[in-house]
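A.B. asks: Would you mind keeping the following structure in view while I ask a few things?
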Amino acid sequence: MEEENNTRTSNSTATMDPKTGFNSISRTFQTLRPPLNLPPPNATISATTYILSLRHKSPYSSSITFLIDSTTSHHLSYSNFIQRSQTLAKNLTLRGLTKHHTALILSPNIFQVPILYFALLSIGVIVSPANPISTDSDISHFINLSKPVIAFTTSFYGKLPKLPLGTILIDSPEFDSLTTTEEDKGNSSTAVLPEVSQSDVAAILYSSGTTGKSKGVMLTHRNLTAAVAAHDAVRIQKESPAVCLVTVPFFHVYGFMFLLRSLAMMETVVVMERFGFGKMLSVLERFRVSNLVVAPPVVVAMSKEGVTDGYDLSSLKNVVCGGAPLGKDNFDAFKAKFAQVSIIQGWSEEPAPARGGRSGSSPYRRGLIVKKKNRPATASGRPPLRQGYGLTESTAGVIRILSPEEATRAGTTGRLVSGVEAKIVNPNTGEAMSQGYVGDPVATSDTLVDGWLRTGDICYFDNEGFVYVVDRLKELIKYKGYQVPPAELEQLLQSHPEIKDAAVIPYPDEDAGQVPLAFVIRQPQSSMGEAEIIDFVAKRVLFS
1 MEEENNTRTS
11 NSTATMDPKT
21 GFNSISRTFQ
31 TLRPPLNLPP
41 PNATISATTY
51 ILSLRHKSPY
61 SSSITFLIDS
71 TTSHHLSYSN
81 FIQRSQTLAK
91 NLTLRGLTKH
101 HTALILSPNI
111 FQVPILYFAL
121 LSIGVIVSPA
131 NPISTDSDIS
141 HFINLSKPVI
151 AFTTSFYGKL
161 PKLPLGTILI
171 DSPEFDSLTT
181 TEEDKGNSST
191 AVLPEVSQSD
201 VAAILYSSGT
211 TGKSKGVMLT
221 HRNLTAAVAA
231 HDAVRIQKES
241 PAVCLVTVPF
251 FHVYGFMFLL
261 RSLAMMETVV
271 VMERFGFGKM
281 LSVLERFRVS
291 NLVVAPPVVV
301 AMSKEGVTDG
311 YDLSSLKNVV
321 CGGAPLGKDN
331 FDAFKAKFAQ
341 VSIIQGWSEE
351 PAPARGGRSG
361 SSPYRRGLIV
371 KKKNRPATAS
381 GRPPLRQGYG
391 LTESTAGVIR
401 ILSPEEATRA
411 GTTGRLVSGV
421 EAKIVNPNTG
431 EAMSQGYVGD
441 PVATSDTLVD
451 GWLRTGDICY
461 FDNEGFVYVV
471 DRLKELIKYK
481 GYQVPPAELE
491 QLLQSHPEIK
501 DAAVIPYPDE
511 DAGQVPLAFV
521 IRQPQSSMGE
531 AEIIDFVAKR
541 VLFS
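Each residue of the sequence shown is one higher than the one before, starting from 1 at the first, in full-length UniProt numbering.
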């Protein structure tokens, strides 16, 4: 297997443009980065075992804090976290949970969720987290897709449909006991834990896409291992561990993978159950947070004049911004206010199908499809802006900026990470590839073919292999024959000092086909009206 891969790689390299990564035979763009150091594909090793194996690279003691509850200030060390996860794994095994079972998890970001994730992954149970405020109809849909045998939720969210192994409330004394005291079932003093293979499904994460119901994306232990290895490859050792405040949901690929990454890097994670902007600023100050993990609206809000006055944010070094693109104007406004803070931007999203066509090394806009083999590389220094691009289906990042030199290019999301190929295809013709949705073979065949994932994004490569994402194929507004990217209008609106956030969608119009319809959230003290907003946009756009 390894020899075949090496032969294929050497043959591909011989026909690859060393500047762009474009292969003239396969008509694909290939990564320019060195390969990752991954376990052999057939090795029996779970994602959790791999993560724990990386701890020896860290200079920190296992007594350092891993989790902090922002509400109670309760701390949990790395050693206690691992001990609690292992005890929970044994007790759940004694209760009948085993490899290939699925567990539905409906919970906000609370202290117990990382313990639960790690315990389930370690025994091969498929982790299936979903939005805790989902409707009853959505929950029934998730259950029909993933076929869970057990559910974990909190007392706040009430009863769930009956499942074979029932429902456990993770904010209850019962769950706390399951993490601290090994149960005695009378037939064995020690639970026999199953072996987990890299090819086993580890998680089902729900991707909304652009149409229809949510789809359950199946990620294997190999997928999670490769994603963590990508971060390990660019690890920067520090005298003390980073303190990270994660405001994004743990049920989203962004928050899910950040938890695993932080565990592997031995960072401290501050958990905030419910987001509030003022509360977030207080938590940043109280726990001396160095890394803030947010979505773009938080960066936009922090940039506004006066909103952070009275808070000591001097500990903040990095803002990790993902879930949607951050406009250049918003980035510049943030940097003008927080010059000492680096923004690490990752555009992580849910995909829509794109359709195939020609490829080439010259810049032009078409749909992007990607294919993962293994996966990233090495980096030096810390750039002022590091961007990236990924999807739930790609286990988050597949395109990244890694060095200060790469960060000097405005607008790019970076280069392909290790083990990834990409095609630029015509949206109207040709082939496309995709990956896997649980219980939905039609959606799978529409999105994944032979390992290729259709991203549904309008992108182009420049002549040095950098990728530029223009917009979503399904979200483009068809105005009088023109294709208008809503993201550009959103960024324009967000640049106004009296606008807190904005979203733009296409709206049917008899004469123009479609026109942009904007939803705008004003700043609390703003009294601006529709006419002022329309005038602001009209003076800055080309079409009328």
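The C-beta atom is built at its ideal place from N, Cα and C for all residues, glycine as well.
#1: May I have the straight-line CA-CA distance separating T220 from L52, to the nearest angstrom?
#2: Just to confirm the assignment, what range does the beta strand (DSSP E) spanning A227 have?
#3: Are the beta-carbon atoms belonging to G414 and T20 less than 8 Å from one another?
#4: Return the CA-CA distance between I343 and K500, expressed in angstroms with no decimal places.
#5: Can you give the Cα-Cα distance for G276 and P40, rounded to whole angstroms?
#6: Going residue by residue through the UniProt domain "AMP-binding enzyme C-terminal" (488 to 540), where are the continuous beta strand (DSSP E) segments of at least 3 residues, counting only ones entirely within it?
#7: Give the single residue among S79, L316, V425 and P296 whose Cα lies nearest to the Cα of R288.
#8: Could you compute how far the alpha carbon of F251 sits from the alpha carbon of N23?
#9: Apart from the five residues on each side of it in sequence, which residues of its chain come closer than 7 Å, Cβ to Cβ, to F118?
#10: Helix, strand or coil, according to DSSP, for K337 in the structure here?
#11: Just list the beta strand (DSSP E) runs in the stretch 82 to 139, keeping only unbroken ones of 3 residues or longer that don't cross its boundaries, in chain order.
#12: Hey, could you find the ends of the beta strand (DSSP E) D457 is sitting in?
#13: According to DSSP, is G430 helix, strand or coil?
#14: Is Y60 helix, strand or coil by DSSP?
#15: Helix, strand or coil for V283, going by three-state DSSP, please let me know.
#16: Put I51 into one of helix, strand or coil per three-state DSSP.
#17: In chain order, what residues of the same chain have a beta carbon less than 6 Å from the beta carbon of P108, not counting five sequence neighbours either side?
#18: Out of K147, P516, I477 and Y507, which one is the CA nearest neighbour of L163?
#19: By DSSP, does D69 sit in helix, in strand, or in coil?
#20: Report the three-state DSSP secondary structure of R261 (helix, strand or coil).
#21: Using only alpha-carbon positions, find the residue among F142, D535, K279 and D17 that is nearest to Y311.
#22: Can you give me the start and stop residues for the beta strand (DSSP E) that L292 sits inside?
#23: What is the DSSP secondary structure of N318, counted as helix, strand or coil?
#24: What are the partner residues of S394, as DSSP defines its beta bridges?
#25: Just verifying my parser: in three-state terms, what is the DSSP assignment at S403?
#26: Excluding sequence positions up to five away, which residues of its chain have a Cβ less than 8 Å from the Cβ of G255?
#27: On the three-state DSSP scale, how would you describe G439?
#28: Where do the N-terminal and C-terminal ends of the alpha helix (DSSP H) with S177 fall, by residue?
#29: So what does DSSP say about G152, is it helix, strand or coil?
#30: Could you check where the beta strand (DSSP E) with L76 kicks off and where it finishes?
#31: So, with DSSP's three-state summary, where would you put M218?
#32: How many Å lie between V484 and V504 at the Cα?
#33: Taking T44 as the reference, which of I424, G411 and E195 has the closest Cα?
#34: Does F22 get closer than 8 Å to chain C when you measure Cβ to Cβ?
#35: So F29 is in the beta strand (DSSP E); what residue range does that whole segment cover?
#36: Can you look up L416 in the DSSP assignment and give me helix, strand or coil?
C.D. replies: Working from what's here:
#1: Spanning the two alpha carbons is a distance of roughly 17 Å.
#2: Per DSSP, A227 lies in no beta strand (DSSP E) segment; the continuous alpha helix (DSSP H) that holds it begins and ends at H221 to D232.
#3: Against a cut-off of 8 Å, the Cβ pair of T20 and G414 comes out as no contact.
#4: Taking the straight line joining both Cα atoms gives about 19 Å.
#5: Looking at the two C-alpha atoms, the distance is approximately 44 Å.
#6: Listed in chain order, they are 499 to 509 and 513 to 522.
#7: Each of S79, L316, V425 and P296 was checked against the Cα of R288, and the nearest Cα belongs to L316.
#8: Rounded to the nearest angstrom, the gap between the Cα atoms of F251 and N23 is 37 Å.
#9: Only T48 and S85 meet the Cβ criterion.
#10: DSSP places K337 in helix when its eight states are reduced to three.
#11: The qualifying runs are 102 to 106 and 126 to 130.
#12: W452 to F461 is the span of the beta strand (DSSP E), which, as asked, contains D457.
#13: Bear in mind that a pLDDT of 34 at G430, under 50, signals an unreliable position, so the model cannot answer this.
#14: In this structure, Y60 counts as coil in the three-state DSSP scheme.
#15: When DSSP states are grouped into helix, strand and coil, V283 belongs to the helix group.
#16: In the structure shown, I51 sits in a helix (DSSP, three-state: H, G or I).
#17: Closer than 6 Å at the Cβ level, and outside the excluded window around P108, lie P132 and E273.
#18: Per the Cα distances, K147.
#19: In this structure, D69 counts as strand in the three-state DSSP scheme.
#20: DSSP, reduced to helix, strand and coil, places R261 within a helical segment of the structure shown.
#21: It is K279 whose Cα lies nearest to the Cα of Y311.
#22: L292 -> beta strand (DSSP E) spans N291 to V294.
#23: Three-state result, N318: strand.
#24: BP columns for S394 are empty, so no partner.
#25: Coil at S403, not helix or strand.
#26: Shown here for G255: same chain residues with a beta carbon closer than 8 Å to its own, the five before and five after excluded, namely N109, V246, V248, P249 and V293 in chain order.
#27: Looking at G439 - three-state DSSP - the assignment turns out to be coil, as it is neither helix nor strand.
#28: Per DSSP, S177 belongs to the alpha helix (DSSP H) from P173 to T180.
#29: Rather than Gly, the amino acid found at residue 152 in this sequence is Phe. In this structure, F152 counts as strand in the three-state DSSP scheme.
#30: Per DSSP, L76 belongs to the beta strand (DSSP E) from H75 to S77.
#31: Reduced to three states, the DSSP call for M218 is strand.
#32: Distance between the alpha carbons of V484 and V504: 11 Å.
#33: Looking at I424, G411 and E195, the one whose alpha-carbon comes closest to that of T44 is E195.
#34: No chain C is present in this structure, which holds just one protein chain.
#35: Here the beta strand (DSSP E) through F29 covers T28 to Q30.
#36: Strand at L416.
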